[in-house]
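This report refers to the structure that appears directly beneath it.
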Amino acid sequence: ARCHRTACKSDSLRVLGMNLIDCANMVIVKAAQETPWLALSYAWGVEHQKRDLERYRAGSRLSMRIPNTIRDAIIVTLRLDYRFLWVDEYCIDQNDEIHRSEQISRIDQIYQGVDLTIVAVAGTNKMYGLPGVGSTKRTEGNVVYIGDVIVFANRIMPHTETTRSKWFTRAW
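Sequential numbering of the sequence shown, starting at 2, is according to the working numbering.
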């Protein structure tokens, strides 16, 4: 098996002007050419307000009161030994129409360039969190014992859960 980074990605996929969250320092930075990163795909929710985004530009520090889903994705990023995370709400300057348009037109390149995408299927908004990471609990499943082996059975098939989720309605 070949590594995704070397098998099908090229350095040309680094998106010009792309910002990333430096998870170790909780600051937004400009992406360097060789920087490996993860991405978060999630549902913002209807409570999103544009005025909340004015502070998120390269060089901006992230507040400790960031939404649970973003906070949990930062934790996952660091636990996987990565430093950088792309989150559209924070890495696309929502108040700079030129930057926003350029980045959205290259969204396919952003997702193609990642090493891994964290998909937040659970919950209906960015405040929900990633089950099993922070304070958001995982859904209880059925437990079956086969001898000394514990088998967990999920009541809903992952495909069904995904297609019924708020995340499934996203544009990207």
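Here a beta-carbon is modelled for each residue, glycine too, at the ideal position from N, C-alpha and C. Keep in mind it's a predicted model, so treat the numbers as computed, not measured.
- Contiguous beta strand (DSSP E) elements confined to the segment 58–102 occur at 85–88, taking only those with 3 or more residues.
- Taking the CA atoms as reference points, tyrosine 112 sits about 10 angstroms from tryptophan 38.
- For serine 61, same chain residues with a beta-carbon under 6 angstroms away, outside a window of 5 residues either side, are Ile29 in chain order.
- With a beta-carbon spacing of about 4 angstroms, asparagine 69 and glycine 130 fall inside the 8 angstroms limit used to define contacts.
- Relative to serine 42, the option among Ser136, Trp87 and Met128 whose CA is nearest is Trp87.
- When DSSP reads this structure, alanine 40 sits in a beta bridge with Trp87 and Thr118.
- In the structure shown, aspartate 23 falls within a strand segment according to DSSP collapsed to helix, strand and coil.
- Closest option to threonine 36, judged by alpha-carbon separation, among Trp45, Ala44, Asp89 and Ile22: Ile22.
- DSSP lists Asn20 as the beta-bridge partner residues of lysine 31.
- Under the three-state reduction of DSSP, tyrosine 146 is assigned to strand.
- Just so you know, the alpha carbons of tryptophan 45 and isoleucine 71 end up roughly 10 angstroms apart.
- The straight-line gap separating the alpha-carbon atoms of aspartate 97 and leucine 81 is approximately 32 angstroms.
- Beyond the five residues adjoining it in sequence on each side, leucine 79 comes within less than 6 angstroms, by CB distance, of Cys24 in the same chain, given in chain order.
- Out of Tyr91, Gly18, Gln34 and Val150, the CA that lies nearest to the CA of methionine 27 is found in Tyr91.
- In this structure, alanine 33 lies away from valine 115, with their beta-carbon atoms at least 7 angstroms apart.
- For the options Lys31, Tyr83, Ala59 and Ala74, the alpha carbon positioned closest to that of valine 120 is the one of Ala74.
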